[in-house]
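What follows is a single structure, written as structure tokens, with notes after it.
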Amino acid sequence: LSSSSAASDVYKRQVIKVNQMSAEGEIAYPWTTPDRWPHRHMWLWDSVFHSFALNLIAPERSQQTLQAVLHLQHPSGQISHWGKPTGGLSSKTQPPILAWGVWEAYCARRDRAFLAHCYPKLAGYLNWVVETMDTNDNGLCEWTRGGDESGMDNSPRFDDERLFDAVDINAFMA
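Whatever position you read off the sequence shown (first residue = 1), add 61 for the numbering used here.
This is the structure in structure tokens:
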């Protein structure tokens, strides 16, 4: 490795490390945040992306990061797009990529107990997505709560607030 490549690797590890949080308050597992300030929230799909990096350097922490998100699941099956250790959950969700994150974390450690723990929660979440986000009952989901839910917060595709079968959410579901 070149010295600049090694320095870049160290920097990436530091960024991952500084954004890891201990279990606290409502969040029962160690968790991650994309920024300690101003949000200091645990975000659904950011946590999945963090877990991909953690699989490479701390696979057990990757699993805990995903368990933290699943722990805040609503009784309905919904998983909010953010949660706070001090309490409070968003009324929205984010792209349904948790199953992908759980699978990658499983592949990193081959921990069947982890997979067994996550499976019913993931099934509940994906059932909730189908039940609430296929508003026209045609077997395809729509983003029902705008751009925040899609992860494309500022996309003009949500400016007119109409519902349409969205390729991206259906690809995530597949």
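In this text, a Cβ means the ideal position worked out from N, Cα and C, and glycines have one as well.
Computed from a predicted structure; not experimentally measured.
Quick one: what does DSSP say tryptophan 92 is sitting in, helix, strand or coil?
strand
I need the boundaries of the alpha helix (DSSP H) containing phenylalanine 175, first residue and last residue.
173-194
Quick check: threonine 154 and leucine 224, are their CB atoms within less than 8 Å of each other?
no
On the DSSP bridge assignment, give the partners of glutamine 81 in chain order.
Thr93
Classify glycine 86 as helix, strand or coil using the three-state DSSP reduction.
Coil at glycine 86, not helix or strand.
With a Cβ-Cβ cutoff of 8 Å, do aspartate 226 and glutamate 203 count as a contact?
yes
Considering only the beta carbon of each residue, do proline 91 and alanine 129 sit closer than 8 Å?
yes
Threonine 126 and serine 141: beta carbons closer than 8 Å?
no
In whole angstroms, what separates the C-alpha of arginine 74 from that of alanine 169?
18 Å
Once you ignore the five residues that flank histidine 178 on each side, which residues in its own chain have a CB closer than 6 Å to its CB?
none
Could you give the C-beta distance for glycine 144 and methionine 103, rounded to a whole number, given that I count them as a contact under 8 Å?
5 Å
Just curious, the alpha helix (DSSP H) that glutamate 165 is in, first and last residue?
159-170
Using the beta-carbon count (16 or more within 10 Å), is lysine 182 buried or exposed?
buried
Work out the CA separation of proline 120 and aspartate 70 for me, nearest whole Å.
17 Å
Kindly indicate the opening and closing residues of the alpha helix (DSSP H) around methionine 234.
228-234
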